[in-house]
Amino acid sequence: MRYAQIREIDIANGPGIRVSLYTQGCHRHCPGCFNEETWNFKGGKAFTKKEEDALIALINKPHIAGFTLLGGEPMEKENREDVLKLLKRIKEECPGKTVWLYSSFLYEEICQFEENILDYVDVLVDGMFILAKKDAKLRFRGSSNQRLIDIAKTKEQGQIVLFE
Ligand code: SF4
Numbered sequence: 001m002r003y004a005q006i007r008e009i010d011i012a013n014g015p016g017i018r019v020s021l022y023t024q025g026c027h028r029h030c031p032g033c034f035n036e037e038t039w040n041f042k043g044g045k046a047f048t049k050k051e052e053d054a055l056i057a058l059i060n061k062p063h064i065a066g067f068t069l070l071g072g073e074p075m076e077k078e079n080r081e082d083v084l085k086l087l088k089r090i091k092e093e094c095p096g097k098t099v100w101l102y103s104s105f106l107y108e109e110i111c112q113f114e115e116n117i118l119d120y121v122d123v124l125v126d127g128m129f130i131l132a133k134k135d136a137k138l139r140f141r142g143s144s145n146q147r148l149i150d151i152a153k154t155k156e157q158g159q160i161v162l163f164e
């Protein structure tokens, strides 16, 4: 997997102070995308064990509420296997930290993937960024079609439950 950026302090993509990782590569090409430099799968930098270890240490700092994964598109086929390994490790080694995942794929689509990624996610922000539905007043999402989904409650109730 390659990545575009690691942010040690992120207060825009989930509650509290978070560490975020922007994966590299996206085939979706939404009109109005604010992150076009992340589209090329050969761009960015290699995400190696060294970066992974450093990321875990950052997430475990006491003032950090959790980890947020964005892109690019973390749910592209090219990224999924490595994302799954990373999220498993975060859940094992970063107790008490929440995991948020941003994806242009819908919850229903991600459930169909071979990789059980949502087993390691607390909140999924799903759906493509739609320029016509862009609303700067929205918290934690860019356009009004995107949903903030509470994964544990959704699985428990068998229907989409939004994060409050
Ligand atoms: S999925 Fe994200 S990175 Fe990809 S084009 Fe859409 S907004 Fe941009």
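full-length UniProt numbering applies: residue 1 is where the sequence shown begins, and numbers increase by one. Positions of the beta carbon are idealized from the N, C-alpha and C atoms, including for glycine.
Residue i - partner residues in DSSP beta bridges
i	result
lysine 45	Tyr3
aspartate 10	Arg18
tryptophan 100	Thr68, Val123
threonine 23	Tyr3
leucine 162	Ile149
Simplified DSSP assignment, three categories, for residue i
i	result
leucine 138	coil
valine 125	strand
arginine 147	strand
leucine 106	coil
isoleucine 130	coil
glutamate 36	helix
residue 193	Residue 193 lies beyond the range of the chain shown here (1 to 164); nothing can be said about it.
Rounded distance between the beta-carbons of residue j and residue i, thought under 8 angstroms
i	j	result
aspartate 150	phenylalanine 140	At roughly 13 angstroms, the Cβ-Cβ gap does not stay under 8 angstroms, so aspartate 150 and phenylalanine 140 are not in contact.
leucine 69	valine 83	7 angstroms
methionine 128	arginine 28	6 angstroms
tryptophan 100	glycine 16	Rounded, the Cβ-Cβ distance is 10 angstroms, inconsistent with contact.
isoleucine 59	cysteine 94	5 angstroms
glycine 32	leucine 131	3 angstroms
alanine 152	aspartate 119	Incorrect: roughly 10 angstroms between the Cβ atoms, too far for contact.
Segment contact, 8 angstroms Cβ cut-off, at least three pairs: the stretch 106-113 with the stretch 1-12: Short answer: they don't touch.
Pairing CB atoms from the stretch 41-59 with CB atoms from the stretch 5-23, are three or more of them under 8 angstroms? Taking a contact to require three or more Cβ pairs closer than 8 angstroms, the stretch 41-59 and the stretch 5-23 qualify as touching.
So, does the stretch 29-41 touch the stretch 84-91, judging by three or more C-beta pairs under 8 angstroms? Output reads no: the stretch 84-91 does not touch the stretch 29-41.
As an exercise, report each continuous beta strand (DSSP E) stretch of at least 3 residues that is fully enclosed by the stretch 56-90, in chain order. 66-70, all fully within the stretch 56-90.
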